[in-house]
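Protein sequence lines correspond, in order, to chains U and P.
According to my numbering, the first sequence is numbered sequentially starting from 8.
According to my numbering, the second sequence is numbered sequentially starting from 165.
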Amino acid sequence: MGTTRRTAAVTASAAALLTAVAGCGSGTDTSATGEVVVTCATCQESPTDPFLQYNYEAAQRFNEQFAGQYKVETIENPNAGSGDDRLQYYQRLALADDLPDLFQLNSGEIKAMEQNGRLHDFAPSLEADADWADSFYDQAFDALTGPDGQVWAIPQQRDAIGIYYNKELLEAAGYDEFPATWDEFEDLAAELKSEGKIALALDGDWATKLMWANLIGTQPGGAEFLGEGIVDLEDWGDDPAVVQATERLRDWHTEGYVNADAFSGDFQNAAAPYLTEEAATVPNGPWFVKTNLTPEAAPGLYEKTGYAPAPGWTDGGQGTVVVSGAGWVSGATDEGELEAVEAFVKFMSSQDEVLTQAQATGANPPVVVDAAAAKAADLEPLATGLIEQATDLEHAYPHARVHGPAGLDTSWKNLWPAYVKGDLDTDEFLERLTVDSASGQ
Amino acid sequence: MSAFTKDRPPDTVPAPAPEPAVGPPRRRLVTRRARPVPGTRIPRGMRGPVAVSLLPGLVLFGTFFLVPFLVLAATAFARWSGLDFAWAGLDNYRQMFGDPVFLKALGNTLFYAAASVFIQVPLGVGVGMVLALRPRGWKTLRTIIFVPFVISGAAYALVFSMFYNPRAGLLNNALGAVGLPGRDWLFDTATARWAVAGTFVFIIGFVVILVMAEIAAIPGELYEAASVDGASTWQQLTRITLPLLRNVIGTAILIRLLVDIGMFDLVFILTAGGPDDATATLALYAYRSYLNGEWGFANAVGSVIIVIGLVLIVAVRRIFRIGERAL
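See the structure below:
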């Protein structure tokens, strides 16, 4: 081969390679049938996680409805469920500029991901479609919004989280209904303890921090702490509402009102004593009914179970944690793919789909649905009743675990058992919790 | 030729060397090529094939160990979050050695290593020596002892988290049955480290198997001669078997130490390093730094783990003279 020919061949090969690489990086992915293909990292089948399973089935419905135009392709992702590893997984992909087109994050994770500038901002899409934007509840985007008004996620649900209780055990302790104040709740706990029952089933993580948030949020200024202070304050021990809440929660452990294995961080440690009727109450969201309190899992217990918002520090001061849960986020940058992403999130927030999701997972819709449709959907009453009650409550606030700094989970699991067992005082605990949580950002 | 040689008288010719009085007649020195032994040079004709056969291993070693190791060693001197990178000199190391949590993690790691050396290995050697005597049911016992070694660390940790559960666990229930109070073994700073060590120090299967294999290789004549000289079984175990196990004991200690200084899964699943870092290890400390986006710092911790590992390898090899023949 002559020099000229060889040069021409090398140049052509390099050009072809560059074209291929450029094509991989920025062009719209299309299937053989010409559909725009978007990847979803939280749409895989799951026999154990009803949310993933719902996403999978919804993605299939979307594919059917938009066949020939858009297609959602599932990425098998071991980090799809919530946990420490999920954030790391997506941060690594963000660094490699290889985020999936669709996936889900909670508000704390979104805050951590904000810094890398790789998440798509949905604000312009919402502005351009006022009907769609107005279909959501007023506060649905609060925890998903960036400092300059960016909307990093489309909410998947909007749940009021309450406390499930065993009516029979409460009646045996002399209570016809769930206590309305924390003092009354402590009286109930003491009574239950004297009868050899556990008053409150906790786990050292989700459920424990849920009660922490309830104790903080039902105090004046508490909701502000859980909204902004938990992110901005340099020492949470400076907030008297946090100090009071923390000490009261610790005292419940030392008084023996809480299950002894409440430190592992595994929610099953809270669910088990409630399901075996050793514990009278357990805090969790509406999905608790679907995932734990099914008639098959706990024969007879379903009928005995009631739900209530958190008691208050004063009469009438009850409140509830309201979470948007995990929202849909996108790492797509290509226009064609963004169009498909927008079509998907609109599909997922349509009335039919949010009601299907509520039936499948127990989660409540993030959008306002008309009463007739909700009634026709025949939603699970134990899962959805609290959302109706929540409208009349004095306090509503986000969950510390979802809205707090990304490092809160790890530092809480490390420090909380030592604090409860007296190795740290309240000042030291809260100061270290603040610092360690922030270092996980 | 000199005149002296030419004129030398016949009686000055040196006499031939005398034949040895006993033993086989002298043979010519072996001139064929001997099998290479450690420390000898590779024969010239074999160098090409040896190099080719080593190449895949070297490529894998370079790709998956050497390059990452060099990256780790270099970035340990940088502030690196994955997004931002800036050289920081010794800052990571200053920060690390000034952090009480690092010192706790270092102490815990050494504690777990010591638990292995002083409990697990002696126990394994003792059981291996007894099983080598082939008492009744020794095969079944050997299998039972070896089973925990093949179970994954994660599954093992889950089993023990149930065992230690303060409300429903076997340990507290057993204590309660004999009137003793239970505890929250894993989440009490006073007991957590011991509880974690308790999950692995009794996994002695690999030590037992090593010891039994080594004992099987000891020539029976040694024991026969000792018996003729009147040595008891105990004396045979302590004067013959144990000294000949030097190599294998050193190897067991070395393997266990290397596992312990990188210990992660057991601790992560059982306690996540808590309470108040009472069970945290160096590997967990590095992992947390990585989760916090302090990648350079995490690599500095990783380099300390590697240095500790190298020191231990050299020390244990020297103390136990691993590689030298015991017999």
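Glycine included, each C-beta is placed from N, C-alpha and C at the ideal position.
{"Query": "Report the rounded CA-to-CA distance for Gly-169/U versus Ala-380/U, giving the unit in angstroms.", "Result": "24 angstroms"}
{"Query": "Are at least three pairs of beta-carbons, each pair with one atom in the stretch 408–418 of chain U and one in the stretch 382–395 of chain U, less than 8 angstroms apart?", "Result": "no"}
{"Query": "Where DSSP assigns a beta bridge to Phe-457/U, which residues make up the other side?", "Result": "Nothing about residue 457/U can be read from this structure; chain U reaches only from 8 to 448."}
{"Query": "Quick one, are the C-beta atoms of Val-3/U and Gln-146/U less than 8 angstroms apart?", "Result": "What is shown of chain U runs 8 to 448, which leaves residue 3/U out entirely."}
{"Query": "Strictly below 7 angstroms CB to CB, what residues from chain U border Asp-441/P?", "Result": "Asn-421"}
{"Query": "Report the partner residues of Asp-166/U according to the DSSP bridge assignment.", "Result": "Val-330/U"}
{"Query": "Roughly how many whole angstroms lie between the Cα atoms of Pro-173/P and Arg-211/P?", "Result": "For Pro-173/P, the predicted model reports a pLDDT of 39, less than 50, meaning its position is unreliable and no value from the coordinates is stated."}
{"Query": "Mind checking who Glu-346/U pairs with in its DSSP beta bridge?", "Result": "DSSP output for Glu-346/U lists no bridge partner at all."}
{"Query": "Could you check the C-alpha separation between Glu-262/U and Ala-442/P for me, to the nearest Å?", "Result": "24 angstroms"}
{"Query": "Which class does Arg-191/P belong to by DSSP, given the choice of helix, strand or coil?", "Result": "In this predicted model, Arg-191/P has a pLDDT of only 45, less than 50, meaning its place in the structure is not dependable; the value taken from the coordinates is given anyway. Reduced to three states, the DSSP call for Arg-191/P is coil."}
{"Query": "At which residues does the alpha helix (DSSP H) containing Gly-460/P begin and terminate?", "Result": "459–483"}
{"Query": "Starting from Val-323/P and walking both ways along the alpha helix (DSSP H), at which residues does that stretch end?", "Result": "317–327"}
{"Query": "Between which two residues does the alpha helix (DSSP H) holding Leu-176/U run?", "Result": "174–179"}
{"Query": "Nearest-angstrom Cα distance between Ile-368/P and Thr-40/U?", "Result": "60 angstroms"}
{"Query": "Of all Cβ atoms in chain P, is any one closer than 8 angstroms to the Cβ of Ala-425/U?", "Result": "yes"}
{"Query": "Any idea if Trp-423/U is buried or exposed, counting beta-carbon neighbours within 10 angstroms, 16 or more meaning buried?", "Result": "buried"}
{"Query": "Under 7 angstroms Cβ to Cβ from Tyr-61/U, same chain only, skipping five residues before and after it: list those, please.", "Result": "Gln-364, Ala-367 and Thr-368"}
{"Query": "Report the rounded CA-to-CA distance for Val-475/P versus Gly-426/P, giving the unit in angstroms.", "Result": "14 angstroms"}
{"Query": "Counting contacts by CB-CB distance shorter than 8 angstroms, is Gly-262/P in contact with chain U?", "Result": "no"}
{"Query": "Tell me, please, whether the CB atom of Ser-325/P is closer than 8 angstroms to any CB atom in chain U?", "Result": "yes"}
{"Query": "Got a sec: is the Cβ-Cβ distance from Asp-430/U to anything in chain P below 8 angstroms?", "Result": "yes"}
{"Query": "Can you pull the chain U residues whose beta carbon is under 8 angstroms from the beta carbon of Asn-256/P, in chain order?", "Result": "Within 8 angstroms Cβ-Cβ: nothing; Asn-256/P doesn't reach chain U, min ~15 angstroms."}
{"Query": "Can you pull the DSSP bridge partners for Trp-244/P?", "Result": "Phe-249/P"}
{"Query": "Can you find a CB in chain U that lies within less than 8 angstroms of the CB of Leu-193/P?", "Result": "Bear in mind that a pLDDT of 44 at Leu-193/P, under 50, signals an unreliable position, so the number given afterwards is only what the model happens to contain. No, its Cβ sits nowhere closer than 8 angstroms to a Cβ of chain U."}
{"Query": "According to DSSP, Gly-319/U sits in a beta bridge with which residue or residues?", "Result": "Thr-188/U"}
{"Query": "Does chain U have any CB closer than 8 angstroms to the CB of Pro-232/P?", "Result": "no"}
{"Query": "Compare the C-beta of Leu-418/P against all C-beta atoms of chain U and say whether one is closer than 8 angstroms.", "Result": "no"}
{"Query": "Cβ of Val-79/U within 8 angstroms of Cβ of Asn-70/U?", "Result": "yes"}
{"Query": "Would you verify that the beta carbon of Phe-148/U is, or is not, closer than 8 angstroms to some beta carbon of chain P?", "Result": "no"}
{"Query": "Along chain U, which residues have their Cβ under 8 angstroms away from the Cβ of Leu-236/P?", "Result": "What Leu-236/P touches in chain U: nothing, since even the nearest Cβ is about 17 angstroms away."}
{"Query": "Under 8 angstroms by Cβ, that's how I've got Leu-217/U and His-402/U pegged, so tell me the actual separation to the nearest angstrom.", "Result": "Not really, about 14 angstroms apart at Cβ, beyond 8 angstroms."}
{"Query": "May I ask you to report which of helix, strand or coil DSSP gives Asn-421/U?", "Result": "helix"}
{"Query": "In its own chain, which residues sit with a C-beta less than 8 angstroms from the C-beta of Arg-255/U, not counting the 5 before and 5 after it?", "Result": "Trp-189 and Leu-222"}
{"Query": "Going by CA-CA distance only, name the one from Asp-242/U, Asp-141/U, Pro-318/U and Ala-66/U that's closest to Glu-52/U.", "Result": "Ala-66/U"}
{"Query": "List, in chain order, every chain P residue whose beta-carbon is nearer than 7 angstroms to that of Ser-271/U.", "Result": "Ser-325"}
{"Query": "For Leu-126/U, which residues of its own chain have a beta-carbon under 6 angstroms away from its beta-carbon, when the five flanking residues on both sides are left out?", "Result": "Met-120, Trp-159 and Val-336"}
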